[in-house]
Ligand SMILES: Cc1ncc(COP(=O)(O)O)c(C=O)c1O
């Protein structure tokens, strides 16, 4: 009998870091997780009621149109026009997917051949790199500046004959940076000039603080033919488990996108789509008080972490619900993350998952917990880093 060949394309793909850290957290009860990028609130009541009602409708239990059920498509079309300046139907298509991650996978499959390259500014969202690797493509990492803002020179010089797309995530996971409108316009224009797609992940569009504003890349003049914009209900509506995301893309990708959708998903879960339509009826005001609350938590987080100077720095983070802490010194981030859990009962995500391999970085997520718990967690983080890094023992060579 022949043994099964165990090698697969997945060997080249990084392991889901949230699960790796989650396993460690489970070993240490009482750990406060500043790890996973989720919000602490659930969906609007109206969405839950709509889902309950939908259970009695036969159509809920059947396959539906792959692009999305009509009522949700209509609600999203209105939202995209009003809030994002995107005209669905005029050369731009819309598809509802089971979350924004799936939209990204579909897009990568739709626009590449094996061996093609996609440019990701570092730090990147790990599932983007994972999707690119899985598709048999190559991630080309380009640096950002000291404030995690885009560096157009680095992006421009990374373009080769195999480049298919440039990805921007703003507001950013993991840095919390909100990219300047000017830099996003430049990326979009560069893509147009070089025949590339601009994939704009805008799932944190509602999560900006102070004077920072979200920029909708699909609204730029001339963007229509090469811009792909990805959105999600997971954060804005506390919808993570319902799995609803959506993506707008140029008309010419419709056939390729439908092939991916039909094979991978057929259609997004219908009951979730019904709930999503009801959530969109409530609209952006649902997230507004939550964003205000997050702004207060963010102030606490920044204030506490600033006290770590000069041991560590936190560059400005005006969006999402993350900060990317830079710890000064030659220290192994994974080893420190493990000790923070085991010895100080607080979890953060180490930088290498986001491509930050040069230096010691940790993503701190503050969206999932109530203010008091975050404050306690940050206290543990500050004390833990002082104790561990202050020791100066965990050098890179010691792991
Ligand atoms: C930048 C970014 N894109 C996409 C996603 C995934 O969203 P969804 O739950 O809709 O798949 C996340 C989730 O953390 C994210 O941070």
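Numbering (this note's numbering), first residue to last: 64 to 462. Beta carbons: idealized from backbone N, C-alpha and C, even for Gly.
Relative to the C-alpha of residue i, which candidate in the options has its C-alpha closest?
i	options	result
residue 421	116, 66, 205 and 263	205
residue 193	382, 106, 115 and 73	73
residue 149	400, 282, 366 and 326	282
residue 389	274, 436, 371 and 409	371
residue 463	381, 344 and 375	Because residue 463 is not part of the residues shown, which for the chain are 64 to 462, the question remains open.
residue 452	280, 400 and 378	400
residue 132	413, 309, 433 and 439	309
residue 176	228, 97 and 329	228
residue 407	439, 415 and 432	439
residue 156	357, 321, 111 and 270	321
residue 442	423, 417 and 409	409
Given this structure, state the Cα-to-Cα distance separating residue i from residue j, to the nearest angstrom.
i	j	result
residue 64	residue 223	46 Å
residue 122	residue 338	14 Å
residue 425	residue 116	43 Å
residue 365	residue 376	10 Å
residue 190	residue 134	30 Å
residue 347	residue 279	15 Å
residue 254	residue 210	23 Å
residue 493	residue 313	Nothing about residue 493 can be reported from this structure: the residues present for the chain run from 64 to 462 only.
residue 165	residue 383	20 Å
residue 243	residue 81	29 Å
residue 257	residue 216	14 Å
residue 343	residue 111	12 Å
residue 456	residue 414	Model confidence at residue 456 stands at a pLDDT of 46, short of 50, so the residue's coordinates are unreliable; what they give is reported in the following sentence. C-alpha separation (whole angstroms): 19 Å.
residue 260	residue 405	44 Å
residue 462	residue 239	Here residue 462 scores only 35 on pLDDT, less than 50, and its place in the model should not be relied on; the value that follows carries that caveat. If you take the alpha carbons of residue 462 and residue 239, they lie about 29 Å apart.
residue 77	residue 233	23 Å
residue 124	residue 160	17 Å
residue 203	residue 391	26 Å
residue 477	residue 225	Summary: the structure shown does not reach residue 477, with the chain confined to residues 64 through 462, and so no result is reported for it.
residue 329	residue 158	11 Å
residue 200	residue 120	42 Å
residue 152	residue 140	9 Å
Could you spell out the range, first to last residue, of the beta strand (DSSP E) harbouring residue i?
i	result
residue 423	423-428
residue 156	155-160
residue 363	Premise fails: residue 363 lies in the alpha helix (DSSP H), 351-369, not in any beta strand (DSSP E).
residue 399	Segment 396-407 is the alpha helix (DSSP H) holding residue 399; no beta strand (DSSP E) there.
residue 185	180-185
residue 291	290-295
Need the endpoints of the alpha helix (DSSP H) that residue i sits in, please.
i	result
residue 141	133-142
residue 194	189-197
residue 80	80-90
residue 256	244-257
residue 344	333-345
residue 201	Unbroken run through residue 201 is the beta strand (DSSP E), 201-206; no alpha helix (DSSP H).
residue 322	317-327
residue 108	108-117
Since I believe residue j is in contact with residue i (beta carbons under 8 Å), could you give me their beta-carbon distance rounded to a whole number of angstroms?
i	j	result
residue 290	residue 331	Actually they do not touch by this definition, with Cβ atoms about 22 Å apart.
residue 319	residue 173	4 Å
residue 97	residue 427	5 Å
residue 403	residue 444	7 Å
residue 298	residue 345	In fact, because the Cβ distance is near 15 Å, the residues do not count as touching under 8 Å.
residue 129	residue 433	Contact doesn't hold; Cβ gap of about 39 Å is too wide.
residue 107	residue 300	7 Å
residue 437	residue 303	So it is not a contact: roughly 18 Å between Cβ atoms.
residue 358	residue 272	5 Å
Beta-carbon of residue i versus every beta-carbon of chain C: anything under 9 Å?
i	result
residue 402	This model lacks chain C altogether, as it is built from one protein chain only.
Quiz item: Are there three or more Cβ pairs, one per stretch, closer than 8 Å when the segment 293-309 is compared with the segment 85-94?
Solution: no
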